[in-house]
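Here's the structure we're looking at; comments come further down.
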Amino acid sequence: MTASGQGFGHDHGQVHGHGFDCDVLVIGGGIVGLSTAYALTRAAPGTRVTVLEKEPGPARHQTGRNSGVIHSGIYYRPGSLKARFAVRGAAEMVKFCAEYGIEHKVTGKLIVATGRDELPRLHALVQRGRENGIPVRELGAAQITEYEPQARGLAAIHVGTTGVCDFGAVAAQFAAASNADIRYDEQVTAIDRRAWGVAVRTASGTVVRARVLVNCAGLQCDRVALLAGDEPGMRIVPFRGEYYELARPDLVRGLIYPVPDPAFPFLGVHLTRGIDGGVHVGPNAVPALAREGYSWSAVRPLELAGTLGWPGTWRIARRHWRYGAGELHRSLSKRAFATAVRRLLPAVTADDLRPAASGVRAQAVLRDGTLADDFLIREAPRTVHVLNAPSPAATASLPIGREVARRALTALADGRLVRAGR
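Be aware that the sequence shown starts at 735, since it is given in the numbering used here, and climbs by one per residue.
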């Protein structure tokens, strides 16, 4: 926390009285932050909401740099936030896109087992899907080509509720429909939390005072928590996902995925026909050398030192070095990447792969090296922190936003009761 008890030099009494710029201040203009603003203004229309985003527009990082998949929720542990919010969120996302004319398509997807060792995991996914209330069709090898003529495998499952959309457009619509005061090019540099609320200062020198703070800063969420004086118990370890575009998009009708290994949070290299008709191939998952390190040349020594200084980073490396070595090989060799794709789609060659924009996943890692496998939302006095919201957070953004808004409004009500002496 900052040293000032006066809200960065402003009169304490004024702030304690009627000097608030807003009721709830949201840090982060990605899809989760903007969904939270949207949910706040819908649940409590008189609530004054401000959003601070360091970039010149919304959705510049995780939201705008993914494959655009509306996930069904089949992968996630029954009863977890990811399972509940993804299943609910997928249906709500399709409805939201339809309501606002945002381009989307419910394509369905195949999850294909290409080795016998994957068959038990594929069957477990069928059971998990059914537990999560997701319709799943089991397919033999000959039935795979009904959906994807070029795909090959021993068995597969078809998940009909998976789709694609433009999450950047969704985030922009959340902003437009929220009635919030959204300020771009405002990077938060200091947070002063006191009994009366919070004061936040940005790099431009702007100070915003609020009754409640919501941290939806994605790749920077642990840093924002520390600025607020809260030890989050985790650190964001950034993983870059590298994509290619398929030169022959006619090879793929919809979405084709491998069977994921439950030991890892990543789904493996898959193929996604987007709303523009192009097919994205990827992502892999390699350590990024900066929070926003979208290429090997993007290196920020202080950020890298922070990642390497977290004990959990080394514990992950020791535990998963073999998996990581394979991902690194695919990053450095297009031929190796193509080999991974050919397990699902034998017709693909290295020449079919054209480099496309990368993304960075904000993965929360606990001190003991555990990868947080569920959405992580924690509360502190007058503050709500969203500390782990990677995929499927975009799919689940409407229910996540409502949950974060509910907690923020509870903190707002509690603060008002305290000030009223009740």
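Where a beta carbon is used, it is the ideal one built from N, C-alpha and C, also for glycine.
DSSP-derived helix/strand/coil call for His795: What you label residue 795 is simply residue 61 of the sequence shown in a count that begins at 1. Coil.
Whose C-beta lies closer than 7 Å to the C-beta of Val766 among residues of the same chain, with five residues either side of it excluded? If you number the sequence shown from 1, residue 766 lands on position 32. Cβ neighbours of Val766 beyond the five flanking positions: Cys950, Val1120, Ala1123, Ala1127, Ser1131, Ile1134, Gly1135.
Would you tell me roughly how many angstroms separate the C-alpha atoms of His746 and Ala962, rounded to the nearest one? Within the sequence shown, the letter at position 12 stands for residue 746. Within the sequence shown, the letter at position 228 stands for residue 962. Confidence is the limiting factor: at His746 the pLDDT is only 37, short of 50, which leaves the residue's position unreliable, though a coordinate-based value still follows. Roughly 18 Å between the two C-alpha positions.
Please report whether the beta-carbon of Leu989 lies at a distance below 8 Å from any beta-carbon of chain C. Annotation note: the requested chain C is absent from the structure, which comprises a single protein chain.
Taking Asp964 as the reference, give the member of Val986, Leu985, Arg927 with the closest Cα. Locating residue 964 in the sequence shown gives position 230, counting from the first residue. For the residues Val986, Leu985, Arg927, the minimum Cα distance to Asp964 belongs to Arg927.
Is the beta carbon of Ala1139 less than 8 Å from the beta carbon of Thr770? Numbered from 1 along the sequence shown, position 405 holds the residue referred to as residue 1139. Numbered from 1 along the sequence shown, position 36 holds the residue referred to as residue 770. Yes, these two residues count as a Cβ contact at 8 Å.
Per-residue DSSP class, three states only, for Phe1109: The residue given as residue 1109 occupies position 375 in the sequence shown. If DSSP states are grouped into helix, strand and coil, Phe1109 belongs with coil.
Is Asp984 helix, strand or coil by DSSP? For the purposes of this step, residue 984 is taken as the residue at position 250 of the sequence shown. Here Asp984 sits in helix by DSSP.
Compute the distance between the beta-carbons of Lys839 and Val904, then report whether it is under 8 Å. For this step, residue 839 is matched to residue 105 along the sequence shown. For this step, residue 904 is matched to residue 170 along the sequence shown. No, the pair does not count as a contact, with Cβ atoms beyond the cut-off.
Could you check which residue in Thr1047, Pro1115, Gly988 has the C-alpha nearest to that of Gly802? Residue 802 sits at position 68 when you count from the first residue of the sequence shown. Taking only the C-alpha atoms, the option nearest Gly802 is Gly988.
Label Ile891 either buried or exposed according to how many other C-beta atoms from any shown protein chain fall within 10 Å of its C-beta, with 16 as the threshold for buried. Within the sequence shown, residue 891 is the residue found at index 157, counting from 1. Buried: at least 16 other Cβ atoms inside 10 Å.
Exposure label - Trp1048; buried when at least 16 CB within 10 Å: Locating residue 1048 in the sequence shown gives position 314, where the first residue counts as 1. Trp1048 should be labelled exposed.
I want to know whether the segment 973-981 touches the segment 1015-1029 - three or more CB-CB distances under 8 Å. yes
Going by DSSP in three states, Leu1133 sits in which element: helix, strand or coil? Here residue 1133 is taken as the residue at index 399 of the sequence shown, counted from 1. A small fix is needed here, since residue 1133 is Pro in this sequence, not Leu. In the structure shown, Pro1133 sits in a helix (DSSP, three-state: H, G or I).
Exposure of Gln796, with buried meaning 16 or more beta-carbon neighbours within 10 Å: Counted from its first residue, the sequence shown places residue 796 at position 62. Result: buried.
Cα-Cα separation, Gly1058 to Ala1051: Mapped onto the sequence shown, residue 1058 falls at position 324. Mapped onto the sequence shown, residue 1051 falls at position 317. Computed Cα separation, rounded: 8 Å.
Taking Thr895 as the reference, give the member of Gly835, Leu1038, Gly863 with the closest Cα. Counted from its first residue, the sequence shown places residue 895 at position 161. Out of Gly835, Leu1038, Gly863, Gly863 has the C-alpha closest to the C-alpha of Thr895.
At the level of alpha carbons, what is the spacing between Thr936 and Val958? Locating residue 936 in the sequence shown gives position 202, counting from the first residue. Locating residue 958 in the sequence shown gives position 224, counting from the first residue. Those two C-alpha atoms are separated by around 12 Å.
Taking only three categories from DSSP, how would you classify Pro972? The sequence position of residue 972 within the sequence shown is 238, counting from 1. Three-state DSSP puts Pro972 in a strand.
Reduced DSSP category for Ile868 - H, G, I as helix; E, B as strand; rest coil: Within the sequence shown, the letter at position 134 stands for residue 868. Coil at Ile868, not helix or strand.
Start and end of the beta strand (DSSP E) containing Tyr991? Here residue 991 corresponds to residue number 257 of the sequence shown, with the count starting at 1. For Tyr991, the enclosing beta strand (DSSP E) covers residues 989-992.
Can the beta-carbon of Leu1146 be found less than 8 Å from the beta-carbon of Val760? Along the sequence shown, one-based indexing puts residue 1146 at 412. Along the sequence shown, one-based indexing puts residue 760 at 26. No, these two residues do not count as a Cβ contact at 8 Å.
Cutoff 6 Å; reference Asp1148; Cβ partners in own chain excluding five residues on either side: Residue 1148 sits at position 414 when you count from the first residue of the sequence shown. Within the same chain, Asp1148 has no close Cβ partners at all.
Beta-carbon proximity list for Asn800, same chain, < 6 Å, skipping 5 on both sides: Working through the sequence shown from its first residue, we reach residue 800 at position 66. Closer than 6 Å at Cβ, skipping near neighbours: Gly1093.
In three-state DSSP terms, what is Glu1061? Numbered from its first residue, the sequence shown carries residue 1061 at position 327. If DSSP states are grouped into helix, strand and coil, Glu1061 belongs with the helices.
The alpha helix (DSSP H) spanning Lys816 covers which residue range? On the sequence shown, residue 816 is found 82 positions in, with the first residue counted as 1. Where Lys816 is concerned, the enclosing alpha helix (DSSP H) stretches over 815-834.
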